[in-house]
Structure formats: C-alpha cells, structure tokens
Amino acid sequence: MLELKKLYFTAPVSDDENGALRNIIDGMDFTFEKGKFYVITGPNGSGKTSLAKLIMGINPISSGSIIFEGKDISNLSITERAKLGIAYSFQQPARFKGITFRDLLSMATGIDNEKKFLEMVGRVGICPLSFLDKEVDARLSGGEIKKIELATTIASNPKLAIYDEPDTGIDLWTIGPMVSLLKKELTPKTTSIVVSHNRAFLDVADVIIIIDKGRIVYTGDLKKALPLLTDLSICAYHYKCEGDQDARCLR
Ligand SMILES: Nc1ncnc2c1ncn2[C@@H]1O[C@H](COP(=O)(O)OP(=O)(O)O)[C@@H](O)[C@H]1O
Ligand SMILES: [Mg+2]
Numbered sequence: 511m512l513e514l515k516k517l518y519f520t521a522p523v524s525d526d527e528n529g530a531l532r533n534i535i536d537g538m539d540f541t542f543e544k545g546k547f548y549v550i551t552g553p554n555g556s557g558k559t560s561l562a563k564l565i566m567g568i569n570p571i572s573s574g575s576i577i578f579e580g581k582d583i584s585n586l587s588i589t590e591r592a593k594l595g596i597a598y599s600f601q602q603p604a605r606f607k608g609i610t611f612r613d614l615l616s617m618a619t620g621i622d623n624e625k626k627f628l629e630m631v632g633r634v635g636i637c638p639l640s641f642l643d644k645e646v647d648a649r650l651s652g653g654e655i656k657k658i659e660l661a662t663t664i665a666s667n668p669k670l671a672i673y674d675e676p677d678t679g680i681d682l683w684t685i686g687p688m689v690s691l692l693k694k695e696l697t698p699k700t701t702s703i704v705v706s707h708n709r710a711f712l713d714v715a716d717v718i719i720i721i722d723k724g725r726i727v728y729t730g731d732l733k734k735a736l737p738l739l740t741d742l743s744i745c746a747y748h749y750k751c752e753g754d755q756d757a758r759c760l761r
C-alpha cells in the first residue's frame with residue numbers, strides 16, 4: 511500500500527551557507543503492506559523522524575518517490591496526502607493557544623459527535639470530561655499533549671497512520687492500553703507505522719524495521735532484531751562518528 515523507491519532526503523550538515531550536504535535518508539527501498547503493524551526503531555539521529563516526515567510530506571523528497579495505493583504522492587502537499595488517508599502524530603506535537611481539544615477532534619473528524627469524542631479520548635487514558643474543553647496550549651504536560659495528538663490522529667480514521675514515538679512522556683499505565691488500541695482495535699483496518707524504542711510496541715509488531723544512518727539495515731521479526739538493536743545502542747555518538755575515528759566512540 512506504500513512504496514518507498516530509492517528515497518533520499520539530503521540536508522546541510524550545518525547552518526553554514528557553504529555547509530556540505532548529508533544524506534539523512536540514504537536511498538531507501540521498501541514496501542509496506544496493507545493492514546500490517548510496522549515498528550520502526552534505530553539509534554537517535556538515524557533518520558526515523560525524517561522518514562516519517564517524508565511520507566507525510568512535511569520534509570521534501572530530494573530524490574526517489576513515494577507511491578501510496580498505486581499513486582505517486584511524491585509531489586503532493588501534506589493536506590493532499592491527509593485527504594488520501596495518511597495521518598501523522600508528531601514526536602513533539604505543536605501547541606495552539608485558543609484551540610481546545612474538542613476543536614482539534616472536530617477538525618480531524620469533520621463531525622461534531624460528542625459521544626464518539628468521549629469514547630475516543632477515554633481510550634487513551636485521558637479523563638474525557640476534564641480534557642475536551644481544555645486549550646491545547648503550553649500549560650498541558652508533555653504526556654497529555656501526546657495523548658491528545660494520538661486521539662486526534664485516530665479520530666481522522668486514516669488508512670495509513672504514522673505515530674512518531676507515541677509513548678514518549680506517557681505514564682506507564684497508559685502504554686499497555688495504547689499498544690492494544692493501536693494494534694488490536696485499529697489494525698488491520700489501518701496500516702500502522704510506529705516509531706518507537708519501546709519493547710511493548712516491538713513485541714506486537716508484524717514487521718520491525720531498523721534504521722541506521724538513514725538506511726534500512728533490517729526488516730523482520732523481533733527475535734533476529736534484538737541482537738542488532740543491542741549492538742546499535744552501544745554508542746550515543748554513533749551517528750556522528752565512524753567507528754574508531756572519534757575518540758568518544760565506545761566500539
Ligand atoms: N531539516 C534538516 N536539516 C538538517 N539536518 C536535519 C534535518 N532534519 C533532520 N536532520 C538531522 O538528521 C538526523 C536524523 O534526524 P531524525 O530523523 O530526527 O532522527 P531520529 O528520529 O532517528 O532520532 C539528525 O542528525 C538531525 O539533526
Ligand atoms: Mg525522532
């Protein structure tokens with residue numbers, strides 16, 4: 511249902527005008543099948559968010575293409591992709607002064623159905639009555655805003671949903687229900703791509719995709735992924751250095 515074809519995203523290494531370019535997404539080829547639950551993982555800075563943003567149209571493709579349900583969407587805007595049924599939950603959701611959670615849900619669903627709102631909000635562990643009329647502004651905690659973002663994404667009833675680290679900042683009690691909601695209730699109607707390091711998501715993935723340095727280095731089940739994940743997580747400076755070229759490298 512979604513194909514990445516020789517996908518590249520190139521950006522300057524620094525803000526310096528003459529700065530060299532780097533392939534942040536470095537030639538990805540992959541086909542996501544309809545109705546499956548994919549979990550993308552990999553070291554910090556490996557390109558997971560950049561890939562998610564390329565699929566949603568937030569990042570411009572440098573070269574290659576993205577095909578969604580047989581249609582080349584590479585040059586479509588975010589809105590056009592949303593209309594085709596692609597939804598995206600940000601790793602760091604935006605906050606809007608003066609806009610309530612109810613407004614966001616209403617915009618996402620296009621309807622004003624209170625019962626449906628309450629049911630949806632309840633599922634991500636937010637007290638429905640106290641939250642619906644709260645403003646989605648700086649006063650909300652990091653976890654609260656992530657729950658709101660998730661509910662809004664789900665409310666749009668997407669064909670393809672991309673969740674960038676949906677568990678970040680979320681209390682331990684909500685992670686289990688969140689995994690069940692995304693995996694058991696929404697899949698296979700929705701094809702899901704979850705960016706996460708959380709074992710709870712890795713455990714239920716149909717396919718795990720490991721990204722390192724902008725490339726897909728593994729696709730498959732958890733058992734074979736685990737040794738690779740342990741290896742990749744050794745060094746926090748992994749992206750910036752190449753093996754033993756950096757004195758801080760722990761490899
Ligand atoms: N628009 C951009 N311009 C320059 N560098 C970027 C841009 N977007 C991401 N990067 C860099 O690309 C790398 C991958 O970022 P990201 O995709 O956010 O990683 P991840 O989500 O895997 O932690 C990081 O080093 C980040 O600083
Ligand atoms: Mg990220």
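If you count by my numbering, then the sequence shown holds residues 511 to 761, one letter each, in order.
Ideal Cβ placement from N, Cα and C applies to all residues, glycine included.
Residue i in three-state terms, based on DSSP
i      : result
Leu760 : Bear in mind that the predicted position of Leu760 carries a pLDDT of just 43, short of 50, making it unreliable; the figure below should be weighed with that in mind. Residue state, collapsed to three classes: coil.
Gly537 : strand
Tyr747 : For Tyr747, the predicted model reports a pLDDT of 43, less than 50, meaning its position is unreliable and no value from the coordinates is stated.
Leu594 : helix
Ile721 : strand
Residue i CB to nearest heavy atom of ligand 1 below 6 Å
i      : result
Ser706 : no
Thr559 : yes
Asn528 : no
Gly555 : yes
Ala521 : yes
Ile534 : yes
Residue i versus residue j: straight-line alpha-carbon distance, rounded
i      : j      : result
Ile719 : Arg725 : 10 Å
Asn554 : Asp722 : 9 Å
Gln602 : Gly580 : 31 Å
Val634 : Val704 : 16 Å
Thr684 : Leu696 : 17 Å
Val714 : Leu739 : 16 Å
Glu513 : Ile680 : 31 Å
Leu509 : Ser587 : With the chain represented from 511 up to 761, any question about residue 509 goes unanswered, as that position is not in the structure.
Lys563 : Leu639 : 33 Å
beta-carbon residue i near ligand 2 non-hydrogen atom, thresh 6 Å
i      : result
Gln601 : yes
Supposed contact pair residue j and residue i - C-beta distance, whole angstroms, cut 8 Å
i      : j      : result
Ser572 : Ser584 : Not confirmed; about 11 Å, so no contact.
Ile636 : Val646 : Rounded, the Cβ-Cβ distance is 12 Å, inconsistent with contact.
Tyr598 : Val717 : Tyr598 to Val717, Cβ: 19 Å. No contact.
Leu660 : Tyr673 : 7 Å
Sub-7 Å separation of residue i and residue j beta-carbons
i      : j      : result
Gly552 : Lys558 : yes
Thr700 : Ala671 : yes
Thr541 : Leu531 : no
Phe611 : Leu561 : no
Thr662 : Leu614 : yes
Cβ of residue i within 7 Å of any chain C Cβ
i      : result
Ala710 : Note that chain C does not occur in the displayed structure, where there is just one protein chain.
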